[in-house]
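Residue numbers (the numbering used here): 252 to 712. What follows is one structure encoded as structure tokens, with my remarks underneath.
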Ligand SMILES: Cc1cc2nc3c(=O)[nH]c(=O)nc-3n(C[C@H](O)[C@H](O)[C@H](O)COP(=O)(O)OP(=O)(O)OC[C@H]3O[C@@H](n4cnc5c(N)ncnc54)[C@H](O)[C@@H]3O)c2cc1C
């Protein structure tokens, strides 16, 4: 860093309360990356405790044209919080208070650094439910979830983060503090500015307060596992279940490569000849879910399942989830690194996309394992590579491009949940089209005229 820049950034210590600014090398390193393979250290880390501090940082950064990269827990997969241009990392980790859980109005108000799982546990103690469940919820923050519009297995029945955000407090890149949305379950006054910021991946404003909708906690849930000898039958069973007016809270899909990989890892007797497993969960009243389980079993057998198990205790439930939860560690036995994508296709296209992805992987001599959320068509493809092998890395990048092309041809999207960040930025226009991208650029220019906020992400120019 040049002496002038050092002097400039040191001013942050004067404009912010004590302890909110760090130049300590270990702190810079801790804030350099997320779960993507590459990282870049910032010049300084700011850890504000208040919205006032956030606004002061942005006014300062905007005046001096300094890049600011917002950060929650750093558990993204697409490099969204990696400060590729250096500058300031603005970590919201210390703004981690649950301000209010209002059981009478079914809302909660939280600061962005609140851990997702903590919010869920706190509301559940009051018989309430905050459904969005990214698999990273043990670590992720509500600010990160809002900025990426996270979703998880429960999406099929309950939707994703945007379906639960009623209002936000946002600090604009120019330092103004904006309150969007409502504290009520309805509200249509003006443009839906809340939705503009949800999923904007930290490129339009810093989210400093979030009002979320809560619903009653379902009293019971039950888990089932269906084995399908033929790949095509599993998504047909998914459609048949939903057509039978049963919306499971979870419908997870595991392909044959993943089954074999987990079996090699755990040796728990998984059916390695099966082409697909479906992990199904229903929730609701005990009496109703009992009937739903029986109906689902009948539907699965009718659609070609060769085996079906229902869990009758928490231990049996954990056993059924074991294969799904062990995929990530099992994969790393195949190769040290993975390129994990989150493509999403219409339900009926799941078998076709899996076949096409496998054919692409074969063409480029790569190992691929697919699993994901069959209820919403969101499939995680995992190309297992060794990043120290440049030839393999080049082949993997070519394969990813073809996987995205195939996904779009089938009416899908390149990202169902992880977002665009850096890794998918070159492909964004291919997905949304040049007109949408041009409009995104105009919105960016309007809200962030000096492009200080999260530069290098989402392919904004
Ligand atoms: C093992 C694993 C499993 C995952 N499973 C899922 C899944 O099932 N579903 C899913 O959707 N995602 C999943 N993810 C991706 C990731 O966890 C989510 O995107 C999550 O929302 C990131 O939260 P975070 O707090 O770690 O945010 P970060 O990674 O710190 O940031 C994510 C993005 O949000 C921006 N940001 C963060 N906080 C703010 C704020 N307050 N204001 C403005 N911008 C902000 C950052 O700049 C960045 O662009 C998974 C990741 C991992 C590692």
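Note that beta-carbon positions come from the ideal geometry of N, C-alpha and C, so glycine has one too.
For residue 578, the enclosing alpha helix (DSSP H) starts and ends at 578 to 582.
Annotation for residue 519 indicates a beta carbon at 7 Å or more from all heavy atoms of ligand 1.
Per DSSP, residue 593 is one residue of the beta strand (DSSP E) stretching across 588 to 595.
In the three-state reduction of the DSSP assignment, residue 631 falls in the strand class, which pools E and B. Here the alpha carbons of residue 701 and residue 474 stand approximately 51 Å from one another. Residue 644 holds the alpha-carbon nearest to the alpha-carbon of residue 618 among 644, 253, 487. Judged by DSSP secondary structure, residue 490 falls outside any beta strand (DSSP E) and instead within the alpha helix (DSSP H) spanning 484 to 494. Cβ neighbours of residue 306 within its own chain (closer than 8 Å, five residues either side excluded): 422, 426, 427, 428.
Judged by beta-carbon spacing, residue 260 lies beyond the 8 Å limit of residue 285, meaning their Cβ atoms are not closer than that value.
DSSP places residue 459 in the strand class (E or B) of the three-state scheme. For residue 474, the uninterrupted beta strand (DSSP E) segment begins and ends at 471 to 479. The three-state secondary structure of residue 322, taken from DSSP, is strand. For residue 534, the closest C-alpha among the options 467, 521, 329 is that of 467. Taking 7 Å as the cut-off, one finds no heavy atom of ligand 1 near enough to the beta carbon of residue 701. Here residue 380 carries a strand assignment [DSSP, helix/strand/coil]. Distances between the C-beta of residue 300 and the heavy atoms of ligand 1 are all 7 Å or more. Distances from the CB of residue 458 to the heavy atoms of ligand 1 include at least one below 7 Å. As the crow flies, the alpha-carbon of residue 696 is around 24 Å from that of residue 669. In this structure, ligand 1 has no non-hydrogen atom nearer than 7 Å to the beta-carbon of residue 614.
Nearest C-alpha to residue 484 among 265, 657, 599, 630: 599. The alpha helix (DSSP H) runs of length 4 or more contained entirely in the stretch 326 to 386 are, from start to end of the chain, 367 to 375. The C-beta separation of residue 630 from residue 601 comes to about 7 Å, placing the pair in contact by the 8 Å criterion. Classified as buried, residue 507 has 16 or more neighbouring CB atoms from the shown chains inside 10 Å of its CB. As a beta-bridge residue in DSSP terms, residue 431 pairs with 419.
Check the Cα spacing between residue 357 and each of 375, 347, 363: the tightest is with 375. Residue pairing by DSSP places residue 624 opposite 503, 629 in a beta bridge.
Not a single heavy atom of ligand 1 lies less than 7 Å from the C-beta of residue 447. Nearest neighbour of residue 578 by Cα position, chosen from 561, 609, 382, 632, turns out to be 632.
Residue pairing by DSSP puts residue 531 in a beta bridge opposite 475, 502. Counting C-beta atoms within 10 angstroms of its own C-beta, residue 322 has 16 or more neighbours from the protein chains shown and is therefore classed as buried. Of all alpha-carbon atoms in 343, 377, 372, 334, the one lying nearest the alpha-carbon of residue 355 is that of 377. Residue environment for residue 364: buried (at least 16 other C-beta atoms within 10 angstroms of its C-beta). Between the alpha carbons of residue 480 and residue 582 lies a distance of about 22 Å. Taking non-hydrogen atoms of ligand 1 into account, the C-beta of residue 343 is found less than 7 Å away from one of them. Set against 7 Å, the gap from the CB of residue 331 to the closest heavy atom of ligand 1 is smaller. About 6 Å separates the beta carbons of residue 405 and residue 501, which is inside the 8 Å limit, making them a contact pair.
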